[in-house]
Every structure is written in structure tokens, then in C-alpha cells.
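Residue numbers (the numbering used here): 45 to 351.
Ideal Cβ positions, reconstructed from N, Cα and C, are used throughout, including at glycine.
Following: one structure in C-alpha cells, then a few remarks.
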């Protein structure tokens with residue numbers, strides 16, 4: 045049986061196109077351009093390759109936002125990657141992906157994360173090992189059920205052509221992954237997340253990844269347009285900064301992409317572009333009962349069937 049052709053060049057072209065489409069849309073929504081940072085690893089680095097980071101700071105809509113494309117190559121995986129997959133040890137590898145985090149200025153507009161990535165490892169006289177991963181999730185500061193239903197329903201529709209099991213499976217995976225164990229608390233209201241996905245073969249797996257990437261604007265932009273002009277004051281900004289601390293804690297303690305990037309010698313500025321620009325921590329703070337802040341904890345920060 046002839047092995048299926050694994051077309052990493054088509055993955056690269058898709059990811060660069062997705063990055064540009066998202067940046068084009070949010071430049072229009074924000075009214076300010078994204079910066080353009082092309083980077084390449086030095087020849088003597090343990091990891092080769094490079095990428096393109098599109099970044100906006102102090103925008104009208106986005107206080108900070110980044111959409112990063114990376115394509116890195118290496119001769120040996122870092123321990124964080126090969127420990128769970130010993131068959132990868134000693135193989136050359138490539139990792140391609142687009143990773144996005146938007147931190148809006150208005151506390152009524154949720155923070156959003158999206159990542160779609162592809163990995164392939166090659167060994168001499170051995171079949172290639174590949175997989176896709178990623179997903180998208182929403183982190184509100186003030187909860188709106190309409191927004192949560194819309195975000196999850198859009199993710200569900202995107203996955204329906206690939207099997208009725210995919211949305212509930214990937215939603216559960218997302219709920220379990222974006223969870224701060226030391227806080228006993230989800231990061232947000234979830235979405236979908238998957239990793240090491242290759243079961244239906246390259247073509248079908250790639251099609252599913254494209255469906256998730258293509259659904260991002262449909263899932264998030266209507267929420268932005270509904271909430272960007274909702275009035276807010278210092279109280280809401282303070283709560284937003286406090287809740288952003290949870291985002292920082294997750295990304296620096298648990299996030300696999302952050303750990304892989306830092307351990308493998310990736311570009312630090314691009315890896316940490318996901319962190320918000322203004323964050324506050326308060327000692328043992330609790331919201332007042334009956335407030336919108338308390339409702340975030342009681343009604344939104346527990347897994348629910350939103351779609």
C-alpha cells in the first residue's frame with residue numbers, strides 16, 4: 045500500500061493565508077495597523093526556521109493582540125515533547141502553526157485564543173509521523189449567555205462534517221486542558237481543543253484543521269461587534285486586570301505550546317506575545333455576592349453545555 049502524501053507545503057500556505065485574513069479583518073475593526081516582525085533563528089541555534097509575528101499594542105479595540113506564524117525545524121525534540129512519545133526520539137522534525145491571542149481594551153469584550161498547528165517527524169527508513177492540533181477558546185470577564193452560545197455553536201457547526209463525536213469530544217478536551225489546577229478553576233468558558241490528531245489520514249485531518257481555523261472570525265467577530273461599545277468604568281477595568289492574572293498563570297505554568305517554544309529555543313518575544321499588557325493580582329480577593337463579577341464565577345466558570 046502506497047503511503048499517503050503528507051503535503052506540509054500546503055499546510056504552510058494555508059496558515060499564512062489564515063494569518064493574513066485575520067489581521068486584515070482586525071485592522072479594519074481596530075482602525076490601527078498591526079506591526080510586522082519577520083524573524084529567523086541563527087544558524088547555530090538548536091532550532092532552525094523562522095516566522096512572522098503580527099502584533100498590535102495600544103489599539104482602539106485591542107489593548108494587545110498578536111497573530112504569529114512559525115515554521116521551525118530541528119534535529120531533536122526537547123524533553124517536554126519526546127518524554128511522552130519515545131518513538132520521536134532522534135528524528136528530524138518540523139512544526140508549523142498560527143497562534144493568536146487578542147486582549148481587548150473593553151472588559152465586556154472577551155479575550156480570545158486560537159491556535160492551529162501541524163507537526164511532522166521524519167526518521168531514516170521509517171514512515172513519517174504527523175499530527176494536527178489546536179483549537180479556540182473564549183475567556184470573558186463579564187459573562188453574556190448569548191455570546192457563549194454563539195461561540196460554541198459556531199465551533200460545533202464547523203466540526204459537524206467530521207463526525208458527530210468531534211464537538212463533544214473536543215469541547216471536553218478543552219474544558220479539561222484550559223483548567224488551572226492550583227485554583228480549581230477553568231480559564232474561561234472553553235471552546236474546542238485537540239492534539240495529536242491524525243486518525244483519518246492527512247487529507248481529512250488537514251480539512252478538519254482548516255474548518256476550525258476558518259470558523260474563528262465567524263465565532264468571535266459578532267461578539268466583538270456586540271460588546272465593543274458597552275460602557276465601562278474603573279471597576280470593570282480593575283476586574284479585567286485581576287482576571288487577566290489567571291491567563292498569565294495558565295500560559296506560564298500549563299500551556300504546552302509555551303513550554304515547547306521556550307524549551308526548544310523559539311523566539312521568546314513571539315512566544316510571550318500572548319500575555320496581557322496590564323495585569324493585577326490581589327491577595328485572596330473574592331467578588332461581592334450578587335454582582336456581575338460574582339456571576340462570572342457562578343454562571344460561567346464551570347463547564348456547561350453551551351451549544
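Span of the beta strand (DSSP E) around residue i
i           : result
residue 204 : Unbroken run through residue 204: none, as it is neither H nor E.
residue 61  : Here residue 61 belongs to no beta strand (DSSP E); instead the alpha helix (DSSP H) covers 52–74.
residue 148 : 136–148
residue 101 : 91–101
residue 106 : 106–118
residue 15  : This structure leaves residue 15 out entirely; the chain is present only between 45 and 351.
residue 182 : 173–183
residue 348 : Taken as a continuous stretch (DSSP letters only), residue 348 belongs to no beta strand (DSSP E), as it is neither H nor E.
residue 241 : 234–241
residue 166 : 155–166
Selection from the options that minimises the alpha carbon distance to residue i
i           : options               : result
residue 290 : 317, 325, 321 and 305 : 325
residue 1   : 83, 167, 99 and 197   : Any property of residue 1 remains undetermined from this structure, which presents the chain solely from 45 to 351.
residue 100 : 145, 141, 91 and 61   : 145
residue 143 : 189, 234, 159 and 228 : 159
residue 62  : 259, 312 and 232      : 259
residue 98  : 104, 171 and 317      : 317
residue 165 : 52, 284 and 332       : 52
residue 107 : 272, 65 and 119       : 272
Cβ of residue i within 8 Å of any chain C Cβ
i           : result
residue 145 : Considering every chain present, this structure includes no chain C. It has just one protein chain.
Test item: CB-CB of residue i and residue j under 8 Å
i           : j           : result
residue 214 : residue 238 : yes
residue 156 : residue 111 : no
residue 116 : residue 91  : yes
Meets three-Cβ-pair contact criterion under 8 Å: the segment 172–187 and the segment 212–222: yes
Segment contact, 8 Å Cβ cut-off, at least three pairs: the segment 260–277 with the segment 150–163: At 8 Å Cβ cutoff, the stretches touch.
Length-filtered (4 minimum) alpha helix (DSSP H) runs lying within the segment 258–335: 278–297, 300–307 and 312–315
Contact between the segment 204–211 and the segment 246–255 (3+ Cβ pairs under 8 Å): Enough Cβ pairs lie closer than 8 Å, so yes.
contact_flag[the segment 334–350, the segment 315–325] where n(CB pairs < 8 Å) is 3 or more: Cβ pair count under 8 Å is below three, so no.
Segment contact flag, the segment 293–306 with the segment 163–173, C-beta cutoff 8 Å, min 3 pairs: Remark: fewer than three beta-carbon pairs, one from each stretch, lie closer than 8 Å, so the segment 293–306 and the segment 163–173 are not flagged as touching.
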